[in-house]
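These protein sequence lines map, in sequence, to chains A and B.
Each residue of the first sequence is one higher than the one before, counting from 282 in the numbering used here.
Each residue of the second sequence is one higher than the one before, counting from 152 in the numbering used here.
All remarks here apply to the structure that follows.
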Amino acid sequence: EPEVTQTPSHQVTQMGQEVILRCVPISNHLYFYWYRQILGQKVEFLVSFYNNEISEKSEIFDDQFSVERPDGSNFTLKIRSTKLEDSAMYFCASRADPRHFGSGTRLTVV
Amino acid sequence: AQTVTQSQPEMSVQEAETVTLSCTYDTSESDYYLFWYKQPPSRQMILVIRQEAYKQQNATENRFSVNFQKAAKSFSLKISDSQLGDAAMYFCAYRVRGGSEKLVFGKGTKLTVNP
Chain A
282 EPEVTQTPSH QVTQMGQEVI LRCVPISNHL YFYWYRQILG QKVEFLVSFY
332 NNEISEKSEI FDDQFSVERP DGSNFTLKIR STKLEDSAMY FCASRADPRH
382 FGSGTRLTVV
Chain B
152 AQTVTQSQPE MSVQEAETVT LSCTYDTSES DYYLFWYKQP PSRQMILVIR
202 QEAYKQQNAT ENRFSVNFQK AAKSFSLKIS DSQLGDAAMY FCAYRVRGGS
252 EKLVFGKGTK LTVNP
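Now the structure itself:
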């Protein structure tokens, strides 16, 4: 069965730096999602993306965050100026079917 | 707003025994889905079982089954014949049909399986 792949699996960055998290969703899917899980807490919705536009975003998804699908295959989440509290697991999901979760990127901001 | 509540932060069970994890949710929608996810220490999200709200029959997947009480907005997970590999965080999640179909998660229950 096709999988959603995320890179990198772990990224360490300095506070204030920009990071880009990458996801390769399943090719024929149209809806994409980013979720965040701070260590020890629940998974939280960040943003959904459909037809090259944001369809819904949460309160967490402020101006520091952006998403795009630059080349028709990759789906990226950019954090412009990372803060310590951005340290979390970030999951990409392809379509609403929850089987299609990526394995996550663990972001550590130091 | 939709919310999902898991009232048991931690549960434990003896190997080969049965355990039930609780989940309640709040919604005004009538057409939605409910899910249980397992998250082992690797932190990957693994779908355990799903339930469509329009189906009265409770979903079952091998040793995993649910007790779906729509009127009470309750969705518990029963794990039978517990195995050491079942030890993990378990998250209950909800999504409505239509719109962005985002998932809303509960805070999770940490399950320990004792040998």
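Heads up, the beta-carbon is just placed ideally off N, CA and C, and yes, glycines get one too.
Apart from sequence neighbours up to five positions away, the residues of its chain that approach residue 333 of chain A with a beta-carbon distance below 7 angstroms are 350, ordered along the chain.
Bridge partners of residue 225 of chain B according to DSSP: B/175, B/220. By the C-beta criterion, the segment 152-171 of chain B is judged to be in contact with the segment 232-239 of chain B, since at least 3 inter-stretch pairs fall below 8 angstroms. In the structure shown, residue 366 of chain A adopts helical secondary structure according to DSSP, grouped into three states.
At a beta-carbon threshold of 8 angstroms, the residues of chain B lying near residue 370 of chain A are 194, ordered along the chain. Secondary structure of residue 235 of chain B (DSSP, three-state): helix.
Taking a C-beta cut-off of 9 angstroms against chain B, none of the residues of the segment 343-363 of chain A qualify. Straight-line measurement puts the Cα of residue 181 of chain B at about 39 angstroms from the Cα of residue 361 of chain A. Apart from sequence neighbours up to five positions away, the residues of its chain that approach residue 255 of chain B with a beta-carbon distance below 6 angstroms are 153, 155, 245, ordered along the chain.
The beta carbon of residue 251 of chain B falls within 8 angstroms of a beta carbon belonging to chain A, placing the residue at that interface.
Chain-order list of chain A residues neighbouring residue 256 of chain B: 316, 318, 323, 324, 325, 326, by C-beta distance under 9 angstroms.
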